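Peer 1: Protein chains in written order, with the UniProt record's numbering: chain W, 1 to 245; chain U, 1 to 245; chain Y, 1 to 245; chain B, 1 to 245. Ideal placement from N, C-alpha and C gives every residue a C-beta, glycine not left out. Only a predicted model underlies this, so the values are computations on that prediction, with no experimental measurement involved.
4 protein chains.
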Amino acid sequence: MSQKLRVTVWNEFRHEQINEKVRAIYPEGIHHAIGAGLGEDFEISYATLDEEEHGLTEEKLNHTDVLIWWGHKAHREVTDVIVERVHKRVLGGMGLIVLHSGHFSKIFMKLMGTTCNLKWREADEKERLWVVSPGHPIVEGIGPYIELEQEEMYGEHFDIPQPDEIILLSWFEGGEVFRSGCTFHRGQGKIFYFRPGHETYPTYYNEQVRRVIRNAAAWAAPTTRPVPVYGKSVPLESIKGVQPQ
Amino acid sequence: MSQKLRVTVWNEFRHEQINEKVRAIYPEGIHHAIGAGLGEDFEISYATLDEEEHGLTEEKLNHTDVLIWWGHKAHREVTDVIVERVHKRVLGGMGLIVLHSGHFSKIFMKLMGTTCNLKWREADEKERLWVVSPGHPIVEGIGPYIELEQEEMYGEHFDIPQPDEIILLSWFEGGEVFRSGCTFHRGQGKIFYFRPGHETYPTYYNEQVRRVIRNAAAWAAPTTRPVPVYGKSVPLESIKGVQPQ
Amino acid sequence: MSQKLRVTVWNEFRHEQINEKVRAIYPEGIHHAIGAGLGEDFEISYATLDEEEHGLTEEKLNHTDVLIWWGHKAHREVTDVIVERVHKRVLGGMGLIVLHSGHFSKIFMKLMGTTCNLKWREADEKERLWVVSPGHPIVEGIGPYIELEQEEMYGEHFDIPQPDEIILLSWFEGGEVFRSGCTFHRGQGKIFYFRPGHETYPTYYNEQVRRVIRNAAAWAAPTTRPVPVYGKSVPLESIKGVQPQ
Amino acid sequence: MSQKLRVTVWNEFRHEQINEKVRAIYPEGIHHAIGAGLGEDFEISYATLDEEEHGLTEEKLNHTDVLIWWGHKAHREVTDVIVERVHKRVLGGMGLIVLHSGHFSKIFMKLMGTTCNLKWREADEKERLWVVSPGHPIVEGIGPYIELEQEEMYGEHFDIPQPDEIILLSWFEGGEVFRSGCTFHRGQGKIFYFRPGHETYPTYYNEQVRRVIRNAAAWAAPTTRPVPVYGKSVPLESIKGVQPQ
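1) Looking at the unbroken alpha helix (DSSP H) that takes in B/Glu35, where does it start and where does it end?
2) Please return the same chain residues whose Cβ sits closer than 8 Å to the Cβ of U/Asp41, not counting the five positions on each side in sequence.
3) Helix, strand or coil: which one does DSSP assign to Y/Val242?
4) Can you find a C-beta in chain Y that's less than 7 Å from the C-beta of U/Arg161?
5) Pick from B/Val209, B/His185 and B/Glu77: whose alpha carbon is nearest that of B/Arg195?
6) Identify every residue that forms a DSSP beta bridge with W/His185.
7) When burial is assigned at 16 or more other CB atoms within 10 Å of the CB, is W/Asp65 buried or exposed?
8) Kindly indicate the opening and closing residues of the alpha helix (DSSP H) around Y/Leu111.
9) For Y/Glu207, which of Y/Glu20, Y/Gly29, Y/Val9 and Y/Gly35 has the nearest alpha-carbon?
10) Strictly below 8 Å CB to CB, what residues from chain U border W/Met112?
11) Since U/Lys119 and U/Glu176 are thought to touch, with beta carbons under 8 Å apart, how far apart are those beta carbons, to the nearest angstrom?
12) Using a C-beta to C-beta distance shorter than 7 Å, which residues of chain U count as neighbours of W/Asp164?
13) Can you list the residues of chain Y that residue 251 of chain W reaches, using a CB-CB cut of under 7 Å?
14) At which residues does the alpha helix (DSSP H) containing Y/Ile213 begin and terminate?
15) Mind checking the region 140-155 of chain W against chain B and listing, in chain order, the residues whose C-beta falls within less than 8 Å of any C-beta there?
16) With distance defined between alpha-carbon atoms, name the residue in B/Arg76, B/Trp70, B/Leu56 and B/Gly92 nearest to B/Ala221.
17) When DSSP labels each residue in this structure, what does W/Thr8 get in the three-state scheme?
18) Of all the CB atoms in chain B, is at least one closer than 7 Å to the CB of Y/Lys119?
19) Check W/His198 in the structure and name its three-state DSSP category.
20) What does a CB cutoff of less than 6 Å around U/Glu173 pick up in its chain, not counting 5 residues either side in sequence?
21) Where Y/Ile146 and W/Glu147 are concerned, what is the direct C-alpha to C-alpha distance, given to the nearest angstrom?
22) Taking the alpha-carbon positions, what's the W/Glu58 to Y/Thr114 distance?
23) Please report how far the alpha carbon of Y/Glu156 lies from the alpha carbon of W/Val81, in whole angstroms.
24) If the criterion is Cβ atoms closer than 7 Å, does the pair W/Asp164 and W/Thr183 meet it?
25) Have a look at U/Val229 and U/Ser180 and give me their C-alpha separation to the nearest angstrom.
26) When you compare the CB positions of Y/His72 and Y/Ser45, do they come within less than 7 Å of one another, or not?
27) What first and last residue would you give for the beta strand (DSSP E) that runs through Y/Gly124?
28) Any Cβ of chain U within less than 7 Å of the Cβ of Y/Pro228?
29) Does the beta carbon of W/Val132 sit closer than 7 Å to a beta carbon anywhere in chain D?
30) Identify, in the order they occur along the chain, each residue of the same chain with its Cβ nearer than 8 Å to the Cβ of B/Val132, setting aside the five sequence neighbours on each side.
31) Assuming W/Val81 is part of the alpha helix (DSSP H), what are its boundary residues?
32) I'd like the span of the beta strand (DSSP E) that includes Y/Ile167, first residue to last.
33) Closer than 7 Å, CB to CB, is Y/Gly29 near chain U or not?
34) Answer yes or no: do Y/Leu49 and Y/Ala74 have a C-beta to C-beta separation smaller than 7 Å?
35) Whose C-beta lies closer than 8 Å to the C-beta of B/Pro137 among residues of the same chain, with five residues either side of it excluded?
36) For B/Gln162, is the classification buried or exposed, using 16 other Cβ atoms within 10 angstroms of its Cβ as the cut-off for buried?
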């Protein structure tokens, strides 16, 4: 029996099938590049939009400790019933790592409660992701910054709730900054948003980007948590001086 | 022309019409007791569930700086189109004060992204709300704690995102604690959740409770804010070495 | 009797006396440029390092609502007794705005509990301060960003506790980012750290920089706060079943 | 070679030598009861006030991953040089767990920057510590709350900076609440303040209290962190158009 954390990498998997440039970079799909970067410490599986139930059956989610999400052009095609299902699982403790354009995914917007809007520009710009929480396990093994020669720019204002922790801040050649590595807790679940990864760049082969995702998967794992008790409460004996007989 | 902040008090207004005990306490409805507590510093208006569009027309919301929300038994009857409208206005800068059982309102749950679940008990318990952020304008003029002789109990775990600030913590006679005064920022809007106010107690006549709501209304007012620019960005001259002539 | 907030601008006031370049920009001292930017809404006074008690007598501090601090090369000459005095006043509710190189002042380090270290470079770089909390009163009236043609660079990692709110993030031409506008609450006091203002640039004449400082002074003002009760507590009648007669 | 985390338990160790009641509960000292609760997963050692350098030599601290601190009546006898040494190590990544009356220790006050004051009462009161961050690893394996039949009361306002996370909130029989389990990040170090443990109660034999301390020690362990680069920065080739040859 495996004791490894079970990570499911979900990918929209459309760009790779219709855009030659993207396919040249990620011939098996972005999900497989992400999965390859996770290494041997996890039990990895994959799911994509065009599978039955987008590959996210109850069975599948109930056996997932951490879900990684990459989507971009087909957010609207993700059905609400699956979004509800993932939402419920995250609140129940499943970790969630949302990558790049996943900021506009239904599941991320539902968890944030805001528009998740931002500025963007495709101009092959240099990006530097500076570590601002150097003691955090998500940046274990990373240097003072990660440099990506070319990426899409995302700029502030990023319309999200104040993150619980900001781990990485991006600098872009063209003059913008961005909160690129952010943690959130929702219910019993841990969420990490990580900015890089536009489909036309080989970002998910970068060793430091892979290290961050690997660290984040370990960080987001569920704990054997207290199970909160909700709803109507049994009266306590201490109330109103009523003592047990 | 009035320069006062425009506060709209929204009330479900059902208990008062069908429950004699509640009507005896709030003969004109909870909303009018809340409004009376706001005093002369605001331009106050009212809206209730059974009005057309629940009283929250586009016109009305566009002329509201801060919306106060009390609801309990009919959350589901609030239509999604109105929830969307209020949500959009909050993200655009309108303040929102959610009271007591409003924790389960559609608008609060949508803004939080969590279940907003909690424990509760109706047992006429004493409640003490301790100030834990004594420098905060929301507790200006309040003593070390507010004591309410009898209230409904709400207990942790309260399933909300980590608040931006915790202002008040409740102690209950029966053994529970609760994060009773919490601020959140969502988009350009400021949100304050304030726990007390079960319909069968005269809580909204309490002078300290009124003071907190009054302070919160002033705190939640929109600022003449920066208007963030979202979406595709114009390339900057500094990109890729293209210099202005 | 004046009802205006009383702001004291403290300046080390050494560069201006020994460096011609600085004197040319700030002939009356940096403090007077900052004070001029505050406008008519405050009762403004000044204090400098070489005055008796650095100009910060008990009398002076007891009549100060918000203290603005600019220091750079003589942090060590500020005596510990004055640092203790300011510290006590901040915890008691006086607002504090720490500017630029004040990150290494004794008072800021004492309040933060960390080294407050950072990277820096003097290279006449362009700086852009992006607004990341657009609903916050400190950026009322500011656009999406503030641009300064030339400033000293400060880069992450900035060794401070996680701020309560991050209001502004800086981008620098040379490749760095910085948390440039941060709020902290300590005791009953509100603290705002604001990065720009190296002595060799005319930064404190910039209208948007002045607006931020003006907003921050209003935000940092003390409230008529709850006075917390500390120390040994009187036993409460409800303890151990002892009922009042 | 041991791969276990190295935990040093520091105890003032005075009450146990002069107070029979305390000695009866903790005959070998509070530190040994705490150490026994940590179990087999750590390499445990001890240090006490009356040892040379309080048992906290450079050598010792350099071989400590997590330091646990219990002190009460002799905070002032801890020399400043040792406080500086511990402070430097925490900022450099060593974990720190501060227990109970350690809220007034020099090291905790220095890290917080505030008075760390609170209310207290010795009246053999029941305490309930409610979990408010159920997904956090520090409460792994804990139920909805921990109940202690008798403890000293600590009440709000607790004069600390806003914690990065609040994990546990205490309810006391006599009417007070307290933020009893709080995390802070300072420099590269992780800090956990945990309230229970007055010397006249057998609190450190409680299995759930021990579990929290054990979890916290694992959580506070240093990571192989990014080493931030501080100070004057080498000019970057991208500045001012100077290109490498």
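Peer 2: In short, the structure shows the following:
1) According to the sequence provided, residue 35 of chain B is Gly. The question's Glu does not apply to it. Looking at the DSSP string, the run of the alpha helix (DSSP H) that includes B/Gly35 is Ile30 to Leu38.
2) Lys4, Leu5, Arg214 and Ala218
3) Residue confidence for Y/Val242 is low, a pLDDT of 38 falling below 50, so the modelled location carries little weight; the figure read from the coordinates is stated next. In the structure shown, Y/Val242 sits in coil (DSSP, three-state: anything other than H, G, I, E or B).
4) A small correction: the amino acid at residue 161 of chain U is Pro; Arg does not occupy that position in the sequence shown. By this cut-off, U/Pro161 is not an interface position.
5) B/Val209
6) W/Lys190
7) buried
8) Lys106 to Met112
9) Y/Gly35
10) Gly113
11) 7 Å
12) Gln162
13) As displayed, chain W neither begins before 1 nor continues past 245, which places residue 251 of chain W out of reach and without an answer.
14) Glu207 to Ala220
15) Glu140, Gly141, Ile142, Gly143 and Pro144
16) B/Gly92
17) strand
18) yes
19) coil
20) Glu125 and Lys126
21) 25 Å
22) 47 Å
23) 42 Å
24) yes
25) 35 Å
26) no
27) Gly is not the amino acid found at residue 124 of chain Y; the sequence shown has Asp there. Where Y/Asp124 is concerned, the enclosing beta strand (DSSP E) stretches over Lys119 to Val131.
28) yes
29) No chain D appears in the structure shown, which is made up of the protein chains W, U, Y and B.
30) Ile166, Ile167, Leu168 and Leu169
31) Asp80 to Leu91
32) Glu165 to Phe172
33) no
34) yes
35) Asn215, Ala218 and Trp219
36) buried
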